[in-house]
Amino acid sequence: MKQKFMKKPIVIEAFQTDKELIIQTLEGPMKASVGDWIITGVRGEQYPCKPDVFERTYQPVSGDTELTSYL
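Numbered per numbering that gives the first Met the number 0, the sequence shown spans residues 0 to 70.
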């Protein structure tokens, strides 16, 4: 039976790259293009994210906000 799920709210760190990069991800090397966001996940892993997906998925938080602020 299919079920619906929602992502847990987490606070991530990210930066938008102004040059092409090769990012070492858990799945191996991945290319990040100009404008992609480089996300650092909860275990310190990094991965690229296209700008349109990033904008639909994440919103800015203030200062040193931790996850507990949103629970």
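Glycine included, each C-beta is placed from N, C-alpha and C at the ideal position.
What is the rounded straight-line gap between the Cα of residue i and the Cα of residue j?
i, j, result
"E26", "S61", "31 Å"
"K30", "I37", "11 Å"
"T56", "V10", "12 Å"
"K7", "F53", "16 Å"
"G43", "P28", "15 Å"
Quick one: give me the first and last residue of the beta strand (DSSP E) that residue i is part of.
i, result
"P47", "Q45 to C48"
Got a sec? Which residues, its chain only, sit under 8 Å from residue i by beta carbon, not counting five neighbours each side?
i, result
"Q45", "I22, Q23, T24, I37, I38 and T39"
"F14", "W36 and I37"
Considering only residues of the same chain and omitting the five flanking positions on each side of residue i, which have a CB-CB separation below 7 Å?
i, result
"V33", "T16, D17, K18 and E19"
*Inside the segment 4-30 only - beta strand (DSSP E) runs reaching at least 3 residues*: 12-15 and 20-24
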